[in-house]
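In full-length UniProt numbering, the protein residues as written are 1 to 200. In this text, a Cβ means the ideal position worked out from N, Cα and C, and glycines have one as well.
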């Protein structure tokens, strides 16, 4: 049975990482979510001419993977601890100006209209306080034809993945697809994944 203390510990480690628990959670996320982060980047296939927005990059595994392929990568996270881990993991890319980090959230990314080509996010959807506002923000910042790829632990989804796909369609996305993916290794459970596009 979950208690308020358990919920607080989980939130400090994984939900909104902060303090010592946040740093421990970040290390666990880097190991457990790493394969999924890399898989999501592979699904999105960013190119050397594109700008990628990573919402909730956590310790920066997917951010680093995207930075190896894209012209520019922006990480937006509400946790200062996670952004510091991203800075360390992506130090060279940050020095080159390839990676930019900022405090923010899915419904307040701080990006201009139609300014990014790809949006990626892993294991953040269950934490969003307002999915409609989040999807609206991601549609706003994507350029026409831009791509969105989301992944989350299937068992933690707030609604079934097909319902999330419907929400993306309602938000204005097109070519919405959803599937499940089983990450390698014992630390990550089955992932529900979605891909969509902003209309041209």
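| Asked | Found |
| --- | --- |
| Contact test: residue 130 Cβ vs the ligand ADP heavy atom, cutoff 7 Å | This structure simply doesn't include the ligand ADP, nor any ligand for that matter. |
| Supposed contact pair residue 77 and residue 107 - C-beta distance, whole angstroms, cut 8 Å | Not a contact, Cβ separation roughly 13 Å. |
| Sub-8 Å separation of residue 162 and residue 189 beta-carbons | no |
| Burial state of residue 67, where buried means 16 or more other Cβ atoms lie within 10 Å | buried |
| Helix, strand or coil at residue 38 [DSSP, three-state] | helix |
| Minimum length 4: unbroken alpha helix (DSSP H) runs contained in the UniProt domain "Methyltransferase type 11" (54-150) | 61-67, 80-89, 91-96 and 131-141 |
| Buried or exposed by the 16-neighbour rule on C-beta atoms within 10 Å, applied to residue 193 | buried |
| At least three beta-carbon pairs within less than 8 Å, the segment 156-172 to the segment 51-65 | no |
| Beta-carbon spacing of residue 59, residue 184 below 8 Å | no |
| Same chain, Cβ closer than 8 Å to residue 137, neighbours up to 5 away in sequence not counted | 106, 107, 108 and 109 |
| Three-way DSSP call (helix, strand, coil) for residue 161 in this model | helix |
| Sub-8 Å separation of residue 99 and residue 120 beta-carbons | no |
| CB contact flag (residue 200, residue 145, <8 Å) | yes |
| Beta-bridge pairing of residue 181 - partner residues as DSSP gives them | 191 |
| Short Cβ contact (8 Å threshold) for residue 197 with residue 175 | yes |
| Among 102, 97, 140 and 103, the one whose alpha carbon lies nearest that of residue 118 | 140 |
| Residue 113, buried or exposed, once every other Cβ within 10 Å from all chains shown has been counted against 16 | exposed |
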